[in-house]
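**Student:** Protein chains in written order, with the working numbering: chain A, 305 to 496; chain B, 305 to 496.
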DNA sequence: ATTTTTTACTAGACAGTGTCAAGTATGAAT
DNA sequence: ATTCATACTTGACACTGTCTAGTAAAAAAT
């Protein structure tokens, strides 16, 4: 399918894996399928990834880096908050997001570079909570409010992406507006 | 391992599957492994479940029924809310919960009895939101607030169970108190 | 310029998987 | 006594991840 016989096989395999994840979920990613899609032998990907979870780790690393960018990017409206960026990232990058949030696919502890990217994204969220709470915020409060903020964004993202919410809340014409409405109150309550 | 040669094979297989899911996640559930654990041939479970996703559907059906019970059960404190019940259910029944929230494992639409149980649990949540908002609540507001409430509970549950939150927020001595703190503000904001 | 090493693969095999097809033993119904 | 459904067992097939052992070509070392 794509151009093999080069260092870019890594890129090709990764793209194929992400595409499969977006279309059918991470479990559908198979070593042999991505090889087939790249037009190489079933063993070729092993030269670029130690094993199947190595592919997942690479997707995580890339995904968390892109998530950090998305969280830091200027938001379209002053009324929009970081949770919205999180949810939009998830919906726009389902292939990456599904892998990133499946702890069982790869142990981040075993892949330091992926772990670093995940940490960075988390730190961005913590900083946002701190800035919402103001300077002299109690560290315990920061902890619970960070957990809260992540929960809201993550919960909405996963429910919209794969969960039963999609089925239940059918007939949402303007998804962006819906997301905005759901998260508006959420973040407002942190300030109070 | 358990007593085969009876209708209770179904129960035995189901228990084995839930146990595996709790220990290693739903992907570790294998037709042949549960058969082995039940002490029967690799094909025996097929008499009780159409295929692998049939097992997942059965776990969903059972899980959603138990979730409904948990949501309706009297709560320990007047200060405690339905989201807390949801999160506690998830943490106490990880084997079921992990399967219930993985839409890719089985298509609920194909298993009416499982679908019915899921619908019932969802309706309980909607009713709670309605009662929090009061009688004359706008249906659009009910929709967003239901999504919000589910997102908070679901997000916290999945993050605590499998997500990176466990790693990030290490050193939580009293988990119940933490959950309570995170969700207290959340539900309070619905009333306002 | 020749040898060695490294890179980027290919080819084959093995154990494990889900599941289709076909057989068997046992109890109930006719 | 025969039929029939239940609850299995056995065997096979295609598929999977991954181990081992090649190979062909380019880069590095001599």
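Each residue gets a CB set at the ideal place from its N, CA and C atoms; glycine is no exception.
Are the C-beta atoms of residue 307(B) and some chain A residue less than 8 Å apart?
**Tutor:** A caution first: residue 307(B) carries a pLDDT of 44, below 50, which makes its placement in the model unreliable, though a value can still be read off. Answer no: the Cβ-Cβ gap between residue 307(B) and chain A never drops below 8 Å.
**Student:** Over what stretch of residues does the alpha helix (DSSP H) that includes residue 364(B) continue unbroken?
**Tutor:** Residues 356–376.
**Student:** If we ignore side chains and look at the alpha-carbon of each, how far apart do residue 352(B) and residue 363(B) end up?
**Tutor:** Going by the C-alpha atoms only, they are around 13 Å apart.
**Student:** By alpha-carbon positions, which one of 345(B), 346(B), 338(B), 427(B) ends up nearest to residue 315(B)?
**Tutor:** The option with the nearest alpha carbon to residue 315(B) is 338(B).
**Student:** At 9 Å on the CB atoms, spell out the chain A contacts of residue 482(B), in chain order.
**Tutor:** The contacting residues are 447, 448, 451.
**Student:** At 4 residues or longer, what runs of the alpha helix (DSSP H) sit wholly inside the region 464–493 of chain B?
**Tutor:** The region 464–493 of chain B contains these whole alpha helix (DSSP H) runs: 469–472.
**Student:** What's the C-alpha gap between residue 359(A) and residue 424(A)?
**Tutor:** Roughly 20 Å separates the two Cα atoms.
**Student:** When the Cα atoms are used, what is the spatial distance from residue 572(B) to residue 453(A)?
**Tutor:** What the structure shows of chain B is the stretch from 305 to 496, and residue 572(B) is not part of that stretch, so it cannot be assessed.
**Student:** Using a Cβ cut-off of 8 Å, which residues of the region 393–408 of chain A contact any Cβ in chain B, in chain order?
**Tutor:** Within the region 393–408 of chain A, the residues whose Cβ lies closer than 8 Å to some Cβ of chain B are 405, 406, 407, 408, listed in chain order.
**Student:** Can a CB atom of chain B be found closer than 8 Å to the CB of residue 460(A)?
**Tutor:** Judged by the 8 Å Cβ criterion, residue 460(A) is in contact with chain B.
**Student:** Do you know offhand how far residue 482(B)'s Cα is from residue 448(A)'s?
**Tutor:** One C-alpha to the other measures close to 7 Å.
**Student:** What did DSSP end up calling residue 411(A) once you bin it into helix, strand or coil?
**Tutor:** It is coil, neither helix nor strand.
**Student:** Does the beta carbon of residue 489(A) sit closer than 8 Å to a beta carbon anywhere in chain B?
**Tutor:** With 8 Å as the cut-off, residue 489(A) counts as an interface residue toward chain B.
**Student:** Ordered along the chain, which non-local residues of its own chain (more than five positions away) have a Cβ less than 6 Å from that of residue 324(B)?
**Tutor:** Taken in chain order, the residues that qualify are 332, 333.
**Student:** Please report how far the alpha carbon of residue 494(A) lies from the alpha carbon of residue 383(B), in whole angstroms.
**Tutor:** C-alpha separation (whole angstroms): 19 Å.
**Student:** May I ask you to verify whether the region 399–413 of chain A touches the region 367–375 of chain A, counting CB pairs closer than 8 Å and requiring at least 3?
**Tutor:** Because the criterion of three Cβ pairs below 8 Å is met, the region 399–413 of chain A and the region 367–375 of chain A touch.
**Student:** Does DSSP classify residue 449(B) as helix, strand or coil?
**Tutor:** Three-state result, residue 449(B): helix.
**Student:** Does chain A have any CB closer than 8 Å to the CB of residue 466(B)?
**Tutor:** Closer than 8 Å to some Cβ of chain A, the Cβ of residue 466(B) qualifies, so yes.
**Student:** Going by DSSP, what residue range makes up the alpha helix (DSSP H) through residue 390(A)?
**Tutor:** Unbroken alpha helix (DSSP H) run through residue 390(A): 386–396.
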